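Student:
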Amino acid sequence: MVGFIVKSWAFFKRDLIESASYKMSFILEIGGILANIFSFFFIARLVGDSAKPYLAEYGGNYFPFVVIGIAFSGYLSASLDSYTQAIGKEQGTGTLEALLITPTGLPTIVLGGAIWNFVFTSLRVAVYLLLGAAFFGLDMKNANVPAALLILVLTITSLSGFGIVSAGFTLMLKRGDPVNFFVGGFSKFLAGVYFPIAILPPFVQKVSLFIPLTYALHAMRMAILSGASISSLYSDIAMLSLFSAILIPLSILFFRYSVRRVMTDGSWAHY
Amino acid sequence: MIEVSRLTKVFKPGRGLFEVFRKGPNVKALERVDLRVREGQIMALLGPNGAGKTTLIKILSSLLLPDEGEVKIGGMDVKKHGRAVKKIVGLAVGEERSFYFRLTGRQNLHFFASLYSLSRAVARKKINEIAELLGIEDLDRRFQEYSTGGKQRLAIARCLLSDAKVILMDEPTRSLDPIAACELGKLIKERLAGELGRTVLFATHLTHEAEELADEIAVIDRGEIKVHGSLAELRSKIKNPDASVEDIYRWSVSS
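Heads up: the protein sequence lines correspond to chains A and B, in order. The numbering of the first sequence is this note's numbering, which starts it at 1 and goes up by one. The numbering of the second sequence is this note's numbering, which starts it at 272 and goes up by one.
1. Smallest Cα separation from F63/A: which of G112/A, I37/A and L240/A?
2. Going by other Cβ atoms of all chains shown within 10 Å of its Cβ, with 16 needed for buried, is W9/A buried or exposed?
3. For the segment 92-112 of chain A, which residues have a CB atom closer than 8 Å to at least one CB atom of chain B, in sequence order?
4. Applying a beta-carbon distance threshold of less than 7 Å, which residues of chain B neighbour T264/A?
5. Counting pairs of beta carbons, one from the segment 105-113 of chain A and one from the segment 178-197 of chain A, are three or more of them closer than 8 Å?
6. Spatial neighbours of R429/B within its chain, please: C-beta separation below 6 Å, excluding the five flanking residues on both sides.
7. Taking a contact to mean a Cβ-Cβ separation below 7 Å, would you say I344/B touches V437/B in this structure?
8. Does the distance from the C-beta atom of D541/B to that of A474/B stay below 7 Å?
9. Report the three-state DSSP secondary structure of K350/B (helix, strand or coil).
10. From the beta carbon of S369/B, is the nearest beta carbon of chain A less than 7 Å away?
11. By the criterion of Cβ-Cβ separation under 8 Å, what are the contact partners of K299/B in chain A?
12. Could you say which of E400/B, Q423/B and E466/B lies nearest to C453/B if we only look at CA atoms?
13. Using CA coordinates, which residue listed in E310/B, P319/B and L278/B is at the minimum distance from L301/B?
14. Using the DSSP secondary-structure output, state which residues sit across from A474/B in a beta bridge.
15. Can you tell me the Cα-Cα spacing of Q85/A and L96/A, whole angstroms?
16. Taking 8 Å as the threshold, find out whether the segment 74-82 of chain A comes into contact with the segment 180-191 of chain A through three or more Cβ pairs.
17. Rounded to whole angstroms, what is the Cα-Cα separation between P202/A and I211/A?
18. Is the CB-CB distance between T444/B and L455/B below 7 Å?
19. Since L200/A sits in a beta bridge, which residues does DSSP pair it with?
20. Check the DSSP bridge columns for H479/B and list the partner residues they point to.
21. Of all the CB atoms in chain A, is at least one closer than 7 Å to the CB of K422/B?
22. Going by DSSP, what residue range makes up the beta strand (DSSP E) through T264/A?
23. Tell me the rounded alpha-carbon separation between E406/B and E400/B.
24. Just to confirm, does V308/B get its C-beta within under 6 Å of one of the non-hydrogen atoms of the ligand MN?
25. Starting from R307/B, follow the alpha helix (DSSP H) in both directions and report where the run begins and ends.
26. Leaving out five residues before and five after F41/A in sequence, what residues of the same chain have Cβ atoms less than 7 Å from its Cβ?
27. Run through chain B and tell me which residues come within less than 9 Å of S21/A, C-beta to C-beta.
28. Where does V145/A sit, in a helix, a strand or coil, going by DSSP?
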């Protein structure tokens, strides 16, 4: 465990140094967040009270609803992409074999290489919330922080199952990962990042129930905007735990299969 | 130190669950390869492109699973004890892209030192010692700013971080100019094997490189070891006491 933490820290530091060396990218990222917040601030004005019937449980305003949705859906992208990127980046830069020749397991390489992405996503979320609160009237004074943190952990673990499968596909197929395409492509739409799923046709709402992000966003909005307690969020927590319990073991099995395949065909460094 | 017996590896394209569209014939990369490298010895694995040199090196470094046969390094089976084997094996490939270009030489080495579980203080001391040993003058340049020879030295430095007893090199002088290649050759022979007593196995297709550096030479072609032994043994094998490595190589590949 200590070895894993030390090595993960080394990956994090490496990625921090690399990212900090691209200074303009940092600045543009903040600019992008500002532009996004501005857009939704004015869309919220346009929507006005018409969305209230659908947003009653979150306080009735569209802007806080959508800012929380956009900010935390970043964890969907991070969970889906981080592990894949950790592999893909090393394949692309030609460093994967150099890492594998060290006494470092592939899980450490994948998890360690994903940490920076999660930390950066958290920074983005913080910037969204801070800017929203400071300049656009986002009210978080009722937020239940422990509940929000619990939901965050469960969101990451439940979505990481898909991410680990995605990394397995990247190992074998290099590009063209079907999990990322389907889960990443449809989750934001079906889980209600930009609008409450109550406005979707009933049969589509049923499909939403099979997506962890649906429960994650609902619980996160309730915890931050309405101050919902952990006990009142039990159904979302139970569903996210169930997704984690099913997806994580399955994804590890699939990942092991893909490692075995690549060790047999020797295509570690292919990309 | 390295013992390979009846090692066979066949690549089977298009056999995977998710690779239904990839088809092609099986490629026999290695066939019943037997090889032994003694401790502190330098062995050249000499062969044309596509002979199986890289495949053998990848199996030795636990990056690739063999189909049949046994590979032991330091008495440990690479298939069963991959993690332990990695602690005593270093791999330097003639490939410029195995480091992080935006990091300095020192940052790169510190990163890899962490993967070998070296503490920061130990790593700092070791990196300075290795840099001095290998003649790496400036460790605080970004990796992308090093010459090809400098990058190759960093690759060897990375191997030494782990105290690797066995150093595997895949075409170490590829893309080096003649002077840099000569210096690297000296470094392998005088420092790695001579001073430090490391066992070195390097793949090459350059006969003069094999002749100058190696204690023993193994000629590999189409996945088979054709001959192996010291230069004297190989000369007696082909019954020509004046044969050069090139003569032996031609004889082996054509026989």
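Yeah, the Cβ is synthetic: ideal placement off N, Cα and C, and Gly gets one too. Everything numeric in this text was worked out from a predicted model, so none of it was measured.
Tutor: So, from the listed chains and residues:
1. The count along the first sequence starts at 1 and reaches residue 63/A at position 63. Among G112/A, I37/A and L240/A, the Cα nearest to that of F63/A is on I37/A.
2. Within the first sequence, residue 9/A is the residue found at index 9, counting from 1. Looking at its Cβ environment, which holds fewer than 16 other Cβ atoms inside 10 Å, W9/A is exposed.
3. T93, G94, T95, E97, A98, L99, L100, I101, T102, P103, T104 and G105
4. The residue you call residue 264/A lines up with position 264 of the first sequence. Per Cβ cutoff of 7 Å: L336.
5. no
6. Numbered from 1 along the second sequence, position 158 holds the residue referred to as residue 429/B. These residues qualify, in order along the chain: F383.
7. As a first step, residue 344/B is located in the second sequence; it is residue number 73 there, counting from the start. As a first step, residue 437/B is located in the second sequence; it is residue number 166 there, counting from the start. Less than 7 Å divides the Cβ of I344/B from the Cβ of V437/B.
8. The structure shown does not extend to residue 541/B, since chain B is modelled only from 272 to 526, so the question has no answer here.
9. Working through the second sequence from its first residue, we reach residue 350/B at position 79. Three-state DSSP puts K350/B in coil, outside helix and strand.
10. To locate residue 369/B, count along the second sequence from 1; it is residue 98. Yes, contact with chain A.
11. Within the second sequence, numbered from 1, the residue matching residue 299/B stands at position 28. Ordered by position in chain A, no residue passes the 8 Å Cβ test against K299/B, which lies about 14 Å from the chain.
12. Position 182 of the second sequence, counting from 1, holds the residue named residue 453/B. Of E400/B, Q423/B and E466/B, the residue nearest in Cα terms is Q423/B.
13. Here residue 301/B corresponds to residue number 30 of the second sequence, with the count starting at 1. For L301/B, the closest of E310/B, P319/B and L278/B by C-alpha to C-alpha distance is L278/B.
14. Position 203 of the second sequence, counted from the first residue, corresponds to residue 474/B. L316/B and D441/B.
15. By one-based count along the first sequence, residue 85/A stands at place 85. By one-based count along the first sequence, residue 96/A stands at place 96. Roughly 12 Å separates the two Cα atoms.
16. yes
17. The count along the first sequence starts at 1 and reaches residue 202/A at position 202. The count along the first sequence starts at 1 and reaches residue 211/A at position 211. The straight-line gap from Cα to Cα measures roughly 15 Å.
18. One-based indexing of the second sequence puts residue 444/B at position 173. One-based indexing of the second sequence puts residue 455/B at position 184. L455/B is positioned such that its CB atom lies closer than 7 Å to that of T444/B.
19. Your numbering for residue 200/A matches position 200 in the first sequence. According to DSSP, which records beta bridges pairwise, L200/A is partnered with nothing at all.
20. Reading the second sequence from its first residue, position 208 is the one you call residue 479/B. For H479/B, which the question treats as bridged, DSSP gives no partner whatsoever.
21. For the purposes of this step, residue 422/B is identified with residue 151 of the second sequence, where counting begins at 1. With 7 Å as the cut-off, K422/B does not count as an interface residue toward chain A.
22. Your numbering for residue 264/A matches position 264 in the first sequence. No beta strand (DSSP E) contains T264/A, which is instead part of the alpha helix (DSSP H) from Y234 to D265.
23. The count along the second sequence starts at 1 and reaches residue 406/B at position 135. The count along the second sequence starts at 1 and reaches residue 400/B at position 129. Per the sequence shown, residue 406/B should be read as Gly rather than Glu. Going by the C-alpha atoms only, they are around 10 Å apart.
24. The model on display carries no ligand, and the ligand MN is accordingly not part of it.
25. One-based indexing of the second sequence puts residue 307/B at position 36. For R307/B, there is no enclosing alpha helix (DSSP H); the residue is found in the beta strand (DSSP E) stretching over V298 to V308.
26. For the purposes of this step, residue 41/A is taken as residue 41 along the first sequence, with counting starting at 1. Cβ within range, chain order: F63 and F136.
27. Here residue 21/A refers to the residue found at position 21 of the first sequence. Ordered by position in chain B, the residues that pass the 9 Å Cβ test against S21/A are R373, L374 and R413.
28. Locating residue 145/A in the first sequence gives position 145, counting from the first residue. If DSSP states are grouped into helix, strand and coil, V145/A belongs with the helices.
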